[in-house]
Every structure is written in C-alpha cells, then in structure tokens.
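Chemist: Pasting a structure here, questions to come.
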Amino acid sequence: MPTREKMLMFGAAFLTSVSSFVIICVVLGTQRWMGSKVDFSGTNSTVSVSLTYGLFRGTCAQLIDSGLQVSETSFQVTEALNSTETQSINIAIIVLLVLSLISSFLSSGLTCSNVMSNPYQTFLGPIGVYTWNAIGGFFTLVVMILFAVNVEGNDLSVELATKCASVLLTHTRSEHSYEYSYWILLLNIFLNIVTTVIICFYNHARYSKKKEQERPIENASKDVILF
Numbered sequence: 001m002p003t004r005e006k007m008l009m010f011g012a013a014f015l016t017s018v019s020s021f022v023i024i025c026v027v028l029g030t031q032r033w034m035g036s037k038v039d040f041s042g043t044n045s046t047v048s049v050s051l052t053y054g055l056f057r058g059t060c061a062q063l064i065d066s067g068l069q070v071s072e073t074s075f076q077v078t079e080a081l082n083s084t085e086t087q088s089i090n091i092a093i094i095v096l097l098v099l100s101l102i103s104s105f106l107s108s109g110l111t112c113s114n115v116m117s118n119p120y121q122t123f124l125g126p127i128g129v130y131t132w133n134a135i136g137g138f139f140t141l142v143v144m145i146l147f148a149v150n151v152e153g154n155d156l157s158v159e160l161a162t163k164c165a166s167v168l169l170t171h172t173r174s175e176h177s178y179e180y181s182y183w184i185l186l187l188n189i190f191l192n193i194v195t196t197v198i199i200c201f202y203n204h205a206r207y208s209k210k211k212e213q214e215r216p217i218e219n220a221s222k223d224v225i226l227f
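Residue numbers (our numbering): 1 to 227.
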C-alpha cells in the first residue's frame, strides 16, 4: 500500500490533472474563442460585420451604413474557410487539443493508480506524470500561438466576415478581442505545471527520507570496520 504522504501528494496531482482534462473539454465545446468587428467599404455603402466564433461554429451580424442591422446568422467555420492555410491551421489546432486531452486523461490515470498502488514500472510513476504533463502543456501553448497566428497573420476573422457579408467589398479595418475559450488555455498550462511541481515535491521528500534512512546504516558499517 502507498504511504499516506504519497496518497496525499498524488491525490492532489490527480485533482489538477482532472481539472486540466475538464478545461480542454470546455475549450473544445465552447465557441467563444474570438470576437471581431470587421469593416468593409464599397462604392456606395459601408458594412460592419460583428462575429464571434470558435473552432467549429460561429455567429455573425451585419450593420449597414444606414444603421440597419441584418439578423444574426450562424455558420460552420470549416465550411466558411476558403484558404488552405487557415483551414490547415484550424485542423492542426483541433488535433493538438485532442492530443492534449489524451495527455490529461493519461496523467489522471497515472496519478489515480499511484494513489491506490505502487506500480513496478518506472514509467507508471512520477516519470510518466512528468512526461504527459509536459506534452499536454506544450501542445496547449502551441495551440495558443497557432490560433493567434491564424487571426493576426492569416486574417481569419476577415475571411469569415467576408463569407458572412456575401458581397464583394474592400476590407478597411478590423478589431479583435480574444474571448474566454482562448484565455482559459493559460489555466490549463498552469495546472500542468502545478501537477509537475506537486510530484517534484513528493520525489524530493522521498529522496531526502531515503538518504536519512541510509545514514545510520553507513555509520554502523564504519563502527564495525573500526571495531
């Protein structure tokens, strides 16, 4: 049976791993990654498109220069994208999030098994927890970078707004606001770090205790030799 100290430390790591798993599920399930306002101008009119979207779905509304607002419509992000580059990055983000979800699930499984038992295999102990949390945190960070690149560098919002406007106009200005579905990814990275730190503390405490137990044996061996 695991010691009480191990059960407490791995139990805390289990809670942070499960929280990380839940956060990734929320990120994939909610569609509040980005809120944008994109302005277009034509020969006789100007159109402002407000849109909110995530990785799969979004909503948009048009405001014409006369002040008339067209009813809000929903759209599928993958169907609205025409550029191969923006489509590829969006798919890559989804794949990386799924891999991060799997990493959090495996971390939860490892920490839970260590609460109830002492695995013989080294990788099923702290090393496995370190590995899966490092992978999950890295994938999450890459997701945040890729999404920002898609919005700022590839004009993702402009491409979606153009599809919503359904008319050929010239893009003049756009404003972006990252929503909560994007920012809670930082919380996921933080939880990955916390899980790793908890297990590091456990390993350090176990190593210190082991060294203290070895000292009396070493001293006894010296006394026997002197005798």
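Backbone N, C-alpha and C define an ideal beta-carbon position, used for all residues, glycine too. Computed from a prediction, not measured in an experiment: that's the story for all the values here.
Give me whichever residues DSSP pairs with E175 in a beta bridge.
Modeler: In DSSP, E175 forms a bridge with K37.
Chemist: Can you tell me whether L101 is buried or exposed? The criterion is at least 16 other CB atoms within 10 Å of its CB, across all chains shown.
Modeler: Buried, because 16 or more other Cβ atoms sit within 10 Å of the Cβ of L101.
Chemist: Which residues in the same chain have their Cβ closer than 7 Å to the Cβ of Y180, if we skip the five residues on either side of it in sequence?
Modeler: Closer than 7 Å at the Cβ level, and outside the excluded window around Y180, lie R32.
Chemist: Which residues bound the beta strand (DSSP E) around R57?
Modeler: Note, R57: beta strand (DSSP E), R57 to I64.
Chemist: Helix or strand or just coil, what does DSSP make of Q31?
Modeler: Here Q31 sits in coil by DSSP.
Chemist: For A220 and K6, what's the separation of their Cα atoms in angstroms?
Modeler: Low per-residue confidence applies at A220: pLDDT is 49, beneath 50, and the placement is therefore not dependable, though the value from the model is reported in the following sentence. Spanning the two alpha carbons is a distance of roughly 29 Å.
Chemist: Within a Cβ cutoff of 7 Å, which residues of the same chain sit near I189, ignoring the five residues on either side of it in sequence?
Modeler: If we look at I189 and ignore the five residues flanking it on each side, its Cβ neighbours are G137, T140 and L141.
Chemist: Have a look at A80 and L185 and give me their C-alpha separation to the nearest angstrom.
Modeler: Approximately 25 Å between the Cα atoms of the pair.
Chemist: Run through DSSP, which three-state label would D223 get?
Modeler: Per-residue confidence for D223 stands at a pLDDT of 48, beneath the threshold of 50, marking its modelled position as unreliable; no derived number is given.
Chemist: First and last residue of the alpha helix (DSSP H) that includes T46?
Modeler: Careful: T46 lies outside any alpha helix (DSSP H), inside the beta strand (DSSP E) at T46 to Y53.
Chemist: Kindly indicate which residue of V115, L169, C164 and G125 has the alpha-carbon position closest to the one of A12.
Modeler: Ranking the options by Cα distance to A12, first place goes to V115.
Chemist: Cβ of V234 within 9 Å of Cβ of L97?
Modeler: Because the chain is modelled from 1 through 227, residue 234 falls outside the range shown and cannot be assessed.
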